[in-house]
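To keep things clear, I will list the structure first and then write my remarks on it.
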Amino acid sequence: MAWFKRKEKGIQTPTEEKKDVPKGLWYKSPTGKVIEAKELEKNFYVSPEDGYHVRIGSAEYFNIMFDDNDFKELDKNMTSKDPLKFEDKKKYTDRLKQAQSKTKLKDAVRTAVGKSNGNELVIACMDFAFIGGSMGSVMGEKIARAIDYAIAHQLPVMIISKSGGARMMEAAHSLMQMAKVSAKLSLLAKKGLPYISLCTDPTTGGITASFAMLGDINIAEPGALIAFAGPRVVRDTTGKELPDGFQTSEFLLEHGFLDFIVHRKDLKNKVNNYLNLILNRSLVTV
Numbered sequence: 100m101a102w103f104k105r106k107e108k109g110i111q112t113p114t115e116e117k118k119d120v121p122k123g124l125w126y127k128s129p130t131g132k133v134i135e136a137k138e139l140e141k142n143f144y145v146s147p148e149d150g151y152h153v154r155i156g157s158a159e160y161f162n163i164m165f166d167d168n169d170f171k172e173l174d175k176n177m178t179s180k181d182p183l184k185f186e187d188k189k190k191y192t193d194r195l196k197q198a199q200s201k202t203k204l205k206d207a208v209r210t211a212v213g214k215s216n217g218n219e220l221v222i223a224c225m226d227f228a229f230i231g232g233s234m235g236s237v238m239g240e241k242i243a244r245a246i247d248y249a250i251a252h253q254l255p256v257m258i259i260s261k262s263g264g265a266r267m268m269e270a271a272h273s274l275m276q277m278a279k280v281s282a283k284l285s286l287l288a289k290k291g292l293p294y295i296s297l298c299t300d301p302t303t304g305g306i307t308a309s310f311a312m313l314g315d316i317n318i319a320e321p322g323a324l325i326a327f328a329g330p331r332v333v334r335d336t337t338g339k340e341l342p343d344g345f346q347t348s349e350f351l352l353e354h355g356f357l358d359f360i361v362h363r364k365d366l367k368n369k370v371n372n373y374l375n376l377i378l379n380r381s382l383v384t385v
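Under the working numbering, the residues of the sequence shown are numbered 100 to 385, in order.
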């Protein structure tokens, strides 16, 4: 019987016959563009219609940067403690357990070494999904140790930042990581080894105020928010309206804070072209 001739209200389908659409089949960008999830992955997690760079984590960046996704992870099992016995709505220890369970990560950064277009490269990449990519003692220690590894093996370093800033639950312990990582980068520079800083969306707070802006080259993805304090805080503090595009990677490039903006699909080749240039090797085609 045709649906418009039915006397019953609505179409009654038995529960066992209902078919739900699986989650994650489609992605809708902030501008309303829709793309199939598999196509998004093939396109480096960039919406092809509007160029919107979807937030991704260390697993995806390692896959993009390392040849055949082959790498050795450094200090894999390092986890945070709770020196301040911090508690707000939850205990800090409970927040850590929850984040670890949800993300299957130990903390907000992963460090690894592998080949990228044939060049040995040490990469530290943040995961925003883990407590907002916040900088705690583990993040600082893992990056510091990764730099030590790079110095010992005469390798370049790349840090991929994606963070809300310092981890408030660790207070001064968190802020000390700014100085620690910056000091290690100074040692790297004295050895003549390059440091590449990639700022992604978002790169904010103490990360921006320290090592994210200390690269031999500072680069960013299109449309990334890069700032110390957020736009609302700046507006309320200065009492002035902010210009269009304020704190985006394009704004920072225009004002001299970045060397260039790179589309994710070009990231691996452009980073390695820079390395080949300073290491006096043949360039790759972009």
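C-beta: ideal position from N, C-alpha, C; glycine also.
Remember, predicted model here, so these are calculated numbers, not experimental data.
Next item on the list: Determine the extent of the alpha helix (DSSP H) in which ILE316 is found, giving its start and end residues.
Entry: Where ILE316 is concerned, there is no enclosing alpha helix (DSSP H), although the beta strand (DSSP E) it sits in stretches over 316 to 319.
Notebook entry, point to check: Is LYS283 helix, strand or coil when you go by DSSP?
Noted result: helix
Next item on the list: Give, in chain order, every unbroken run of the beta strand (DSSP E) that is at least 3 residues long and sits entirely within the stretch 291 to 339.
Entry: 294 to 302 and 316 to 319
Checklist line | As assigned by DSSP and simplified to three states, the class of PHE350 | finding: helix
Next item on the list: Take THR210 as the anchor and find which of GLN197, CYS224, ALA198 and ASP169 has the nearest alpha-carbon.
Entry: CYS224
Margin query: Helix, strand or coil for LEU254? Go by DSSP, reduced to three states.
Written below: coil
Check: Taking only runs of the alpha helix (DSSP H) that begin and end inside the stretch 163 to 211, which ones reach a length of at least 4 residues, in chain order?
Finding: 191 to 202
Next item on the list: Would you kindly report the start and end of the unbroken beta strand (DSSP E) that includes ALA223?
Entry: 218 to 225
Check: beta strand (DSSP E) containing GLU135: first to last residue?
Finding: 133 to 135
Note to self: Less than 9 Å between the beta carbons of SER179 and SER236, yes or no?
What the structure shows: yes
Note to self: Rounded to whole angstroms, what is the Cα-Cα separation between THR337 and LYS190?
What the structure shows: 35 Å
Item checked: Cβ-based neighbour list, SER296, same chain, cut-off 6 Å, excluding 5 preceding and 5 following -> ILE258, ALA311, GLY314 and ASN317
Next item on the list: Pull up the DSSP beta-bridge partners for MET234, would you.
Entry: ALA265
Note to self: Quick check on the DSSP output: the beta strand (DSSP E) that includes LYS369 runs from which residue to which?
What the structure shows: Looking at the DSSP string, LYS369 is not in any beta strand (DSSP E); the run it does join, the alpha helix (DSSP H), is 366 to 377.
Notebook entry, point to check: PHE143 bridges to which residues according to DSSP?
Noted result: Partner(s): none; PHE143 has no beta bridge.
Next item on the list: Examine the Cβ distances between the stretch 322 to 337 and the stretch 268 to 286 and report whether three or more of them are shorter than 8 Å.
Entry: no
Check: Which first and last residues belong to the beta strand (DSSP E) in which TYR126 is found?
Finding: 125 to 127
Check: Out of curiosity, what's the CA-to-CA distance linking LYS367 and ARG154?
Finding: 17 Å
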